[in-house]
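In the numbering used here, each residue carries its 1-based index in the sequence shown increased by 47. Glycine included, every Cβ here is placed at the ideal spot set by N, Cα and C. A short worksheet on the structure shown next.
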Amino acid sequence: MALSLGWHIILACFGVALPAMIFVLHWRGVVKGDAEALVLAQRWAKSSAVLFAIGAVSGTVLSFEMGLLWPGLMGPFGDVLGLPFAFEGLSFFVEAIFLGIYLYGWGRMPPRAHLLTILPMALAGVAGTFSVLSVNAWMNNPDGFRIVDGEVVDVDPWAAMFNDGVFLMFAHMWVAAFMVVGFTVAGVYAVGMLRGRTDRHHRLGFTVPFGFATVAALVQPLIGHVLGLRVAEAQPAKLAAFELAETTEQPAPLRLGGLLIDGEVRWAIDIPKIGSLIARNSFDKPVPGLDQVPPDQVPPVNITHLAFQSMVGIGTLLALAVVVFWVARWRRRDLTGSRWFLRFVAVSGPLAIIAMEAGWVATEVGRQPWVVWQVLRTEDAATDNPYLWWTLAGTVVVYTAMTVAAYVVLRSMARRWRDGEADLPSPYGPDALTAPAGDGRR
Numbered sequence: 048m049a050l051s052l053g054w055h056i057i058l059a060c061f062g063v064a065l066p067a068m069i070f071v072l073h074w075r076g077v078v079k080g081d082a083e084a085l086v087l088a089q090r091w092a093k094s095s096a097v098l099f100a101i102g103a104v105s106g107t108v109l110s111f112e113m114g115l116l117w118p119g120l121m122g123p124f125g126d127v128l129g130l131p132f133a134f135e136g137l138s139f140f141v142e143a144i145f146l147g148i149y150l151y152g153w154g155r156m157p158p159r160a161h162l163l164t165i166l167p168m169a170l171a172g173v174a175g176t177f178s179v180l181s182v183n184a185w186m187n188n189p190d191g192f193r194i195v196d197g198e199v200v201d202v203d204p205w206a207a208m209f210n211d212g213v214f215l216m217f218a219h220m221w222v223a224a225f226m227v228v229g230f231t232v233a234g235v236y237a238v239g240m241l242r243g244r245t246d247r248h249h250r251l252g253f254t255v256p257f258g259f260a261t262v263a264a265l266v267q268p269l270i271g272h273v274l275g276l277r278v279a280e281a282q283p284a285k286l287a288a289f290e291l292a293e294t295t296e297q298p299a300p301l302r303l304g305g306l307l308i309d310g311e312v313r314w315a316i317d318i319p320k321i322g323s324l325i326a327r328n329s330f331d332k333p334v335p336g337l338d339q340v341p342p343d344q345v346p347p348v349n350i351t352h353l354a355f356q357s358m359v360g361i362g363t364l365l366a367l368a369v370v371v372f373w374v375a376r377w378r379r380r381d382l383t384g385s386r387w388f389l390r391f392v393a394v395s396g397p398l399a400i401i402a403m404e405a406g407w408v409a410t411e412v413g414r415q416p417w418v419v420w421q422v423l424r425t426e427d428a429a430t431d432n433p434y435l436w437w438t439l440a441g442t443v444v445v446y447t448a449m450t451v452a453a454y455v456v457l458r459s460m461a462r463r464w465r466d467g468e469a470d471l472p473s474p475y476g477p478d479a480l481t482a483p484a485g486d487g488r489r
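Here it is, written out as structure tokens:
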């Protein structure tokens with residue numbers, strides 16, 4: 048499940064963030080007559096369609112895994128979680144419909160009406176993400192049911208979907224999606240500029256996603272801080288693992304690095320009082336330690352701590368990078384002329400993906416041993432199927448094949464665009480396959 052979710056969530060980010068970037072480019076083309084922006088909008092939409100198709104496959108795998116791998120969760124709590132999953136399926140179809148209308152609407156619809164078809168597609172991507180995040184938020188903040196004599200009763204799906212933690216968790220993931228997509232797409236054009244393609248096409252392709260990534264990178268620490276304050280109240284064991292706090296300290300230091308070995312913190316750098324400030328919004332409030340957690344409810348501390356610090360560290364680095372870029376631009380210095388800066392942007396997309404994945408590792412591993420916080424333990428929710436390793440092997444094969452397919456198709460499309468092909472309905476369309484040798488379309 049971790050493999051499937053960790054892979055699928057990258058594609059989900061493109062479904063959330065890329066339509067907004069396409070809308071900006073298309074709006075610029077329609078309203079300001081920017082032909083280059085329209086070219087980018089069309090190309091990004093076709094790339095988005097490839098990712099959407101592959102995401103449909105990986106999402107289908109996930110839907111089966113929920114039932115097959117977690118019978119102890121979906122059996123008793125299926126009625127509680129049914130509503131958000133239903134909305135997610137509806138959002139998927141709406142997004143698919145309007146993506147199709149947008150792709151085939153070029154030259155067939157009035158320009159402004161065509162532009163507006165992006166909005167339902169974008170909103171459906173956001174709604175689907177909210178629905179899925181509401182399930183995870185519910186697992187951290189269970190609501191909308193009671194358990195009487197071991198049975199789940201008084202189910203309120205709306206209360207479960209709109210639980211206390213959903214809006215902050217959704218905001219955190221929504222902004223993370225714009226960081227991942229913004230830095231990844233900007234990185235593609237940064238590589239192009241490193242190879243000497245410094246025309247307006249590449250500069251516009253760099254600037255628009257980098258602008259979105261800038262806003263996301265600067266807003267994300269604020270959302271993360273507010274979310275961290277809530278973790279201190281709702282899940283103190285997770286916070287203790289985040290901060291590597293083996294005992295309750297008042298005030299608590301900020302620990303950089305380090306590992307918990309035999310109950311002792313080693314190789315950490317302590318910054319006095321900053322831990323209390325970050326976790327409790329105060330210089331003197333205590334940060335609860337692992338000594339207050341029952342031994343059978345202590346999460347895997349080192350994995351949680353290192354994942355959390357990786358997320359925060361990479362996020363801070365990316366935020367500093369965008370500040371440096373825009374300050375330099377304000378001072379009339381264009382860092383897109385710096386090969387070192389372009390190299391950093393080229394790797395910023397993978398860095399943003401690592402930060403997002405590390406954040407999910409921190410929140411999911413930090414919740415252990417619970418699947419549903421203080422209600423259902425992981426060992427009671429998971430399947431005991433003896434053929435589980437065969438399932439994992441099959442999943443590895445499927446996701447490896449999809450990764451290779453995505454790479455081959457997108458590289459083929461990029462190559463044909465660079466060769467001058469404007470009309471590219473599919474990477475291996477009939478025109479491309481039947482074209483005579485030497486016309487640039489093979």
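DSSP places V255 in the helix class (H, G or I) of the three-state scheme.
Per DSSP, reduced to three states, the secondary structure at R155 is coil, with no helix or strand assignment. By the CB criterion at 8 Å, S105 and L58 fall inside the cutoff. Between the C-alpha atoms of T363 and P268 there is a straight-line separation of about 8 Å. DSSP, read as helix, strand or coil, puts D317 in strand. In the structure shown, W377 falls within a helical segment according to DSSP collapsed to helix, strand and coil.
Secondary structure at W91: helix, using DSSP grouped into helix, strand and coil.
Taking a C-beta distance under 8 Å as the contact criterion, S51 and E142 do not qualify as a contact pair.
Between G252 and V86, the alpha-carbon positions lie close to 10 Å from each other. Taking the C-beta atoms as reference points, L128 is found no nearer than 8 Å to A429.
The shortest C-alpha to C-alpha distance from L307 to any of V418, V370, S395, L337 is the one to L337. Relative to the Cα of D201, the nearest Cα in the group P123, H249, A224, G396 belongs to P123. By the neighbour-count criterion, in which a residue is buried when 16 or more other Cβ atoms sit within 10 angstroms of its Cβ, T351 is buried. Judged by DSSP secondary structure, W417 falls within the beta strand (DSSP E) whose first and last residues are 417-419.
Comparing alpha-carbon positions, the option among L439, V77, R90, L457 lying closest to L162 turns out to be V77. Taking C-beta atoms as the reference points, P335 and I318 fail to come closer than 8 Å. Taking a 10 Å sphere around the C-beta of Y454, we find fewer than 16 other C-beta atoms and assign the residue as exposed. In the three-state scheme derived from DSSP, where H, G and I count as helix and E and B as strand, L291 is classed as coil. The closest CA to that of L241, considering only K332, V213, L389, is found on L389. Put simply, the stretch 257-272 touches the stretch 353-370. At least three CB pairs are less than 8 Å apart. Within the same chain, L286, A326, R327, V334, P335 come within 8 Å of A279 by CB-CB distance, once the 5 residues on both sides are set aside. L65 has its alpha-carbon roughly 19 Å from the corresponding atom of R159.
With fewer than 16 other beta carbons inside 10 angstroms of its own, Y151 counts as exposed. Nearest to A288 by alpha-carbon distance, out of V235, V408, V374, is V408. When secondary structure is reduced to three states using DSSP, G305 falls in the strand class. In this model, P347 and Q415 are separated by some 7 Å (Cα to Cα). Here the stretch 177-187 lies against the stretch 204-217, with 3 or more beta-carbon pairs under 8 Å apart.
Taking all protein chains in view, the Cβ of H249 is crowded by 16 or more other Cβ atoms within 10 Å, so the residue is classified as buried.
The closest CA to that of L130, considering only D203, L457, W373, F70, is found on D203. With respect to the 8 Å criterion, L276 and A315 are not classified as neighbours on the basis of their beta carbons.
E404: member of the alpha helix (DSSP H) spanning 386-412, first to last residue.
Unbroken beta strand (DSSP E) runs of no fewer than 3 residues, entirely contained in the stretch 182-266, are found at 193-195, 198-200, following chain order.
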